[in-house]
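J.: Have a look at this one before I ask anything.
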Amino acid sequence: MRIVVVGAVESTVAAIEALLESQTAPAAVVTLPREALSRHSDAIDISQAVSATLPIIYAEDVNSAPIVAEVRQLNPDIIFIVGWSQVCKAPFRKAARLGCIGFHPSLLPKLRGRAVIPWTILTHQQETGASFFWIDDGIDTGDILRQQRFRLRNDETARSLYDRQRSAIRELIPQIVNDFHQGVATRTPQNHDNATYCARRRPRDGKIDWHADADGVLTFIRAVGDPYPGAFTTMDGERLSIWTARPYADSHRYIGLPGQIQTLTTGGFVVRCGNGECVEVTKWTTPADRKIARHAVLGEAE
């Protein structure tokens, strides 16, 4: 079976590794050129993450005539789309004899669309999953091939959920390859009446609202962190990225404004939130490792 993989994120690497472990090396990998990586929040250099023996095709637009022609010449049976946000149009999909199979980090038809992992956490989903589906003319609307479901943990982060999705990819792809070898690959139509949709998120949407309650702030930080651009605020007009935080037990001892740094701790610093409770920030980055100033009001307009 000849397979082409399209993608430019960590999940793409998981798909490639799963194929290699299934003794089905991709005929080629289509990915972003290096100069385009910075324009995508979680893109990585695939050429540095996979075997040097795998042919790489660089493309910003898989629907362009030269890319369609190059992929068609490979005579793929299947094209796996894993970690590629561009819509794959019919001419590209028809380059594969059997069609294109997409990956989506939710239990379709729930949470179609963009930024699914952050939205999964932000909307307090109790259950989610991973879906491989046949790509059609719609957005995440095609028939389901295989799914895996799992429950979210109370402390789920973007990174932990992303890693669980990568594990699901590694488990599902060998099953899918075997399905094709056995001639039992299926198509289960989605119930479109149950569909929900996620809007895209931009890096600037990671700004923390310190007027939210402490639980809301903690959820937000967990949802938009690594491998995404992360939650941020400002201190004296300069960006302060916040990667991890936790509840602070002694909130009742401090009085201040939402966003105000109440005290410094051995593990970080304490910030007051809108409901009077505090969070302790435990991992952060600032320009030039600037020192944290006690009583500074984060996010305050200059």
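Going by full-length UniProt numbering, the sequence shown opens with residue 1, and the numbers climb by one from there.
Beta carbons are placed, not taken as given, at the ideal position from N, Cα and C, and that holds for glycine.
Source: prediction; values computed, not measured.
1) Pull the bridge partners of M235 from the DSSP assignment, please.
2) Suppose you measure from the CA of R272 to the CA of R222; what does that come to, to the nearest Å?
3) Near T24, which residues of its chain fall below 7 Å by C-beta distance, leaving aside the five closest residues on each side in sequence?
4) Exposed or buried, P66, counting other C-beta atoms within 10 Å across all chains shown (16 or more means buried)?
5) Give me the Cα-Cα distance between L122 and T157, rounded to the nearest whole angstrom.
6) Would you give the residue range spanned by the alpha helix (DSSP H) that I44 belongs to?
7) In whole angstroms, give me the CA-to-CA distance for K283 and A168.
8) Measure the alpha-carbon distance for L298 versus G259 and round it to whole angstroms.
9) Just to confirm, are L108 and D140 a CB contact at a threshold of 8 Å?
10) Let me know the alpha helix (DSSP H) ranges lying completely inside the region 139-208, each 4 residues or longer, listed in chain order.
11) How long is the line joining the alpha carbons of G113 and R253, rounded to whole angstroms?
12) In the structure shown, what three-state DSSP assignment does W84 receive?
13) Helix, strand or coil for Q23, going by three-state DSSP, please let me know.
14) Whose C-beta lies closer than 8 Å to the C-beta of D213 among residues of the same chain, with five residues either side of it excluded?
15) Would the beta-carbon of V82 fall within 8 Å of that of S131?
16) Roughly how many angstroms separate the alpha carbons of V62 and S85, rounded to a whole number?
17) For the beta strand (DSSP E) containing residue 353, name the first residue and the last one.
18) Apart from the five residues just before and just after T265, which ones in its own chain have a Cβ nearer than 7 Å to its Cβ?
19) In terms of residue numbering, what span does the alpha helix (DSSP H) encompassing A65 cover?
20) Return the CA-CA distance between P55 and C88, expressed in angstroms with no decimal places.
21) Who does L54 pair with in a DSSP beta bridge?
22) Does R294 come out as helix, strand or coil in the three-state DSSP assignment?
23) Do A90 and D143 have their beta-carbon atoms positioned less than 8 Å apart in this structure?
24) Once the 5 residues before and after P105 are set aside, which same chain residues still bring their CB inside 7 Å of it?
T.: The structure says:
1) Here residue 235 corresponds to residue number 235 of the sequence shown, with the count starting at 1. Residue pairing from DSSP places M235 in a beta bridge opposite E238.
2) One-based indexing of the sequence shown puts residue 272 at position 272. One-based indexing of the sequence shown puts residue 222 at position 222. Spanning the two alpha carbons is a distance of roughly 18 Å.
3) Sequence index remark: in the sequence shown, residue 24 carries index 24 (1-based). Shown here for T24: same chain residues with a beta carbon closer than 7 Å to its own, the five before and five after excluded, namely M1, I3, V177 in chain order.
4) Numbered from its first residue, the sequence shown carries residue 66 at position 66. Residue burial is scored here from C-beta neighbours: P66 has fewer than 16 other C-beta atoms within 10 angstroms and is therefore classed as exposed.
5) Residue 122 sits at position 122 when you count from the first residue of the sequence shown. Residue 157 sits at position 157 when you count from the first residue of the sequence shown. Pairing L122 with T157, the inter-Cα distance amounts to about 10 Å.
6) Here residue 44 refers to the residue found at position 44 of the sequence shown. It is not in any alpha helix (DSSP H) - I44 carries neither H nor E in the DSSP assignment.
7) Start at 1 with the first residue of the sequence shown, and residue 283 comes out as number 283. Start at 1 with the first residue of the sequence shown, and residue 168 comes out as number 168. The C-alpha of K283 lies about 28 Å from the C-alpha of A168.
8) By 1-based counting over the sequence shown, the position of residue 298 is 298. By 1-based counting over the sequence shown, the position of residue 259 is 259. Cα to Cα, the separation comes out at about 5 Å.
9) Counting from one through the sequence shown, the residue named residue 108 turns up at place 108. Counting from one through the sequence shown, the residue named residue 140 turns up at place 140. Yes. Within cutoff.
10) With a minimum length of 4 residues, the continuous alpha helix (DSSP H) runs that stay inside the region 139-208 are 158-182.
11) For this step, residue 113 is matched to residue 113 along the sequence shown. For this step, residue 253 is matched to residue 253 along the sequence shown. Their Cα atoms are separated by approximately 43 Å.
12) Taking the sequence shown and counting its residues from 1, one reaches residue 84 at position 84. Three-state result, W84: coil.
13) By 1-based counting over the sequence shown, the position of residue 23 is 23. Looking at Q23 - three-state DSSP - the assignment turns out to be coil, as it is neither helix nor strand.
14) In the sequence shown, the residue the question calls residue 213 occupies position 213. The answer, listed in chain order, is C273, G274, N275, E277.
15) Position 82 of the sequence shown, counted from the first residue, corresponds to residue 82. Position 131 of the sequence shown, counted from the first residue, corresponds to residue 131. Not in contact: V82 and S131 (Cβ atoms no closer than 8 Å).
16) Here residue 62 is taken as the residue at index 62 of the sequence shown, counted from 1. Here residue 85 is taken as the residue at index 85 of the sequence shown, counted from 1. Taking the straight line joining both Cα atoms gives about 11 Å.
17) Because the chain is modelled from 1 through 302, residue 353 falls outside the range shown and cannot be assessed.
18) Stepping through the sequence shown from its first residue, residue 265 is reached at position 265. Counting only Cβ-Cβ distances below 7 Å, and skipping sequence neighbours, we find E280.
19) Within the sequence shown, residue 65 is the residue found at index 65, counting from 1. 65-73 is the extent of the alpha helix (DSSP H) around A65.
20) In the sequence shown, the residue the question calls residue 55 occupies position 55. In the sequence shown, the residue the question calls residue 88 occupies position 88. C-alpha separation (whole angstroms): 21 Å.
21) As a working mapping, residue 54 is identified with position 54 in the sequence shown. Bridge partners of L54: none, in fact.
22) Numbered from its first residue, the sequence shown carries residue 294 at position 294. Reduced to three states, the DSSP call for R294 is coil.
23) As a first step, residue 143 must be located in the sequence shown, where it is residue number 143. As a first step, residue 90 must be located in the sequence shown, where it is residue number 90. No, they are not a contact pair.
24) Position 105 of the sequence shown holds residue 105. Excluding positions up to five away in sequence, the list reads V116, I117, A130, Q165.
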